[in-house]
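K.L.:
Just so you know, we're using my numbering here: the sequence shown kicks off at 16 and counts up by one.
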Amino acid sequence: MATLFPVPISKPFDPSTLKIEVRNTTVSALCEMLKNDFIDLQPDFQRHADLWNKKEKSCLIESIILGIPLPSFYFYKDEKAKRWVVIDGLQRLCSLRDFMVEKKMKLEGLELLADTHEGLMFEDFSFYDQVEMVMRTVTLNIIMGDSLQEAKYTIFQRINSKGTPLQPAEIRNALFHGKSMDLVKKLAQSECFKEATLNGVSEKRLLHFDFVARFIAFYLQGYEAYQNIRQLRKGSKMANDTTMDIYIGNALETLNGVDDEKVFVELEAVFYRSLTLCHALLDNQVFSNPRRDNRREKISITLFEATMCAVANLTKAEANLMIERKDTFRRHYEELFYNERFLRALSNGTNQYVSVKTRFECLASIVIKTLNDTDK
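1) Could you check where the beta strand (DSSP E) with Val100 kicks off and where it finishes?
2) In angstroms, rounded to a whole number, what distance separates the CA positions of Tyr348 and Met323?
3) Determine the DSSP secondary structure at Leu135, reduced to helix, strand or coil.
4) Give the straight-line distance between the Cα atoms of Val149 and Glu218, rounded to the nearest whole angstrom.
5) From the DSSP output, in three-state form, read off Phe88 for me.
6) What does Arg38 pair with, by DSSP beta-bridge criteria?
7) What does a CB cutoff of less than 6 Å around Leu128 pick up in its chain, not counting 5 residues either side in sequence?
8) Hey, would you say Val216 sits closer than 9 Å to Phe230, going by beta carbons?
9) What are the boundary residues of the alpha helix (DSSP H) that Phe302 is part of?
10) Using a threshold of 9 Å, state whether the C-beta atoms of Arg151 and Thr41 are closer than that.
11) Helix, strand or coil for Met16, going by three-state DSSP, please let me know.
12) So, helix, strand or coil for Asp392, using DSSP?
13) Taking one C-beta from the region 133 to 150 and one from the region 96 to 105 each time, how about it: are there three or more such pairs within less than 8 Å?
14) Alpha carbon to alpha carbon, how far is Ala232 from Ala266? Give it in angstroms, no decimals.
15) Let me know the secondary structure DSSP gives Ile76 once reduced to three states.
16) Between the alpha carbons of Thr385 and Leu155, how many angstroms are there, rounded?
17) Measure how close the beta-carbons of Phe208 and Leu290 come, nearest whole angstrom, since I'm counting them as under 8 Å.
18) Kindly give me the distance between the Cβ atoms of Ala228 and Arg288, rounded to whole angstroms, as I take these residues to be in contact under 8 Å.
19) Could you name the residues that DSSP lists as bridge partners for Asp93?
20) Rounded to a whole number of angstroms, what is the C-alpha to C-alpha distance between Phe90 and Val301?
21) Please say whether Ser110 and Lys72 have beta carbons closer to each other than 9 Å?
22) So, helix, strand or coil for Ile314, using DSSP?
23) Where do the ends of the alpha helix (DSSP H) carrying Val116 lie?
24) For Phe286, is the classification buried or exposed, using 16 other Cβ atoms within 10 angstroms of its Cβ as the cut-off for buried?
25) Please state the DSSP three-state secondary structure of Asp11.
26) My guess is that Ile157 and Ile35 are in contact by the Cβ rule of under 8 Å, so how many angstroms apart are they, rounded?
27) Run through DSSP, which three-state label would Val280 get?
28) For the candidate residues Arg340, Gly237, Glu281 and Glu276, whose alpha-carbon lies nearest to that of Leu296?
29) Measuring only the C-alpha atoms, how far is Asn271 from Ser195?
30) Pop quiz: Tyr353 and Tyr241 are said to be a contact at Cβ under 8 Å. What is the actual Cβ separation, rounded to whole angstroms?
31) Secondary structure at Asn214, three-state DSSP: helix, strand or coil?
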């Protein structure tokens, strides 16, 4: 496969390159940042703002009144957007916003101060008590924007491990603001993508973003480059399961640095062209394991990336020939699912290089066989 973007050679992760700044500040400073929209409370990976009910929010304010220390907040410093992205502490920040910034919340369901503070709003407190509240100290942990990509991935995963862990696409969407993620969003939310995948890709947890990002990474870098990253990371102290994330992140980061708009236009055209061709060739079996009883199987992200890349560089004449020989291609496609090695590459250790290589080579081979097949 032709490689448009080379994967840069880098050394295994050095923990000393991790940049986290710890700051002690006040509730007042946090409120000022919220008031001026300096803190992003609704990054796309945070899909559940304002989950706390009024009682839970009120109990947080009660803790502040009583001087009980709040848990640390975690932010990612987005240098390009000139904002902080909240990683951990979203519900607490929403509570502060509602009570102290927008001043629209009444205290309800208090546990210790019900007799004296139930039903009060921020403006009902004396100036002295207001100052006492907003001068409480809080600790902020800020992940700096120039920390190594691998380090940022692991931090995002670990911080969120106590709740619902962030999915890779959610983390990427937090880390890679700019032209690359704008393109991913556009393609993933397009009607063409929805129609070609038979509306079979869930938008929950940004899974549809993951489909698009993986195609972009493999199309731009080539699957062979994936092995280079795995080899480089053998000495890394980070979790091995982030290799695919680093590979995809490299493509997005590189794409952000591209100034030529033609690259984005061409990439969009290749994506739509490949989608349309795959759908035309496979109909209701597209990106899935064909079933003898003709029931729809779940759309497979590993089939998606390999099938899309297998047809992405075809000429217009070759694409037309593939459609003419649609039945031949489908026969070869269905035969793949009797190949145990191919099936394992779709379901077992899918991020291992041998699995990636197997499925890409198998899909590419049946495209070549179809084009060379004289039996129409």
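Cβ coordinates follow ideal geometry from the N, Cα and C atoms, glycine included.
Note that the coordinates shown come from a computational prediction; the quantities given were computed from them, not determined experimentally.
P.N.:
Let me lay it out:
1) First-last of the beta strand (DSSP E) with Val100: Arg98 to Asp103.
2) If you draw a straight line from the Cα of Tyr348 to the Cα of Met323, it is about 13 Å long.
3) Per DSSP, reduced to three states, the secondary structure at Leu135 is coil, with no helix or strand assignment.
4) Approximately 39 Å between the Cα atoms of the pair.
5) In this structure, Phe88 counts as strand in the three-state DSSP scheme.
6) The partner list for Arg38 (beta bridge, DSSP) reads Leu155.
7) So the list reads Glu77, once near-sequence residues are dropped.
8) Not in contact: Val216 and Phe230 (Cβ atoms no closer than 9 Å).
9) That residue, Phe302, is in no alpha helix (DSSP H); it is neither H nor E in DSSP.
10) The answer is yes: Cβ separation under 9 Å.
11) Interpretation of Met16 is limited by its pLDDT of 45, a score under 50 that renders its predicted location unreliable; the figure taken from the coordinates is listed afterwards. Of the three classes helix, strand and coil, the one that applies to Met16 here is coil, per DSSP.
12) Only positions 16 to 391 of the chain appear in this structure, which leaves residue 392 out of reach.
13) Contact fails between the region 133 to 150 and the region 96 to 105, because fewer than three Cβ pairs, one in each stretch, are under 8 Å apart.
14) When rounded, the distance between both Cα atoms is 5 Å.
15) Three-state result, Ile76: helix.
16) Rounded to the nearest angstrom, the gap between the Cα atoms of Thr385 and Leu155 is 59 Å.
17) Sure, about 6 Å apart at Cβ, within 8 Å.
18) Actually they are not in contact, since the Cβ atoms of Ala228 and Arg288 sit about 18 Å apart, beyond 8 Å.
19) In the DSSP output, where bridge partners are listed per residue, Asp93 has Arg98.
20) Taking the straight line from one Cα to the other gives about 40 Å.
21) Yes, they are a contact pair.
22) In the structure shown, Ile314 sits in coil (DSSP, three-state: anything other than H, G, I, E or B).
23) From DSSP, Val116 is part of no alpha helix (DSSP H); its letter is neither H nor E.
24) Buried, by the Cβ-count rule.
25) Nothing in the structure corresponds to residue 11, since the chain is present only between 16 and 391.
26) 7 Å between Cβ atoms; contact.
27) Helix, per DSSP.
28) Checking every option, the nearest Cα to that of Leu296 belongs to Arg340.
29) Asn271 and Ser195 have their C-alpha atoms some 5 Å from each other.
30) Actually they do not touch by this definition, with Cβ atoms about 26 Å apart.
31) Coil, per DSSP.
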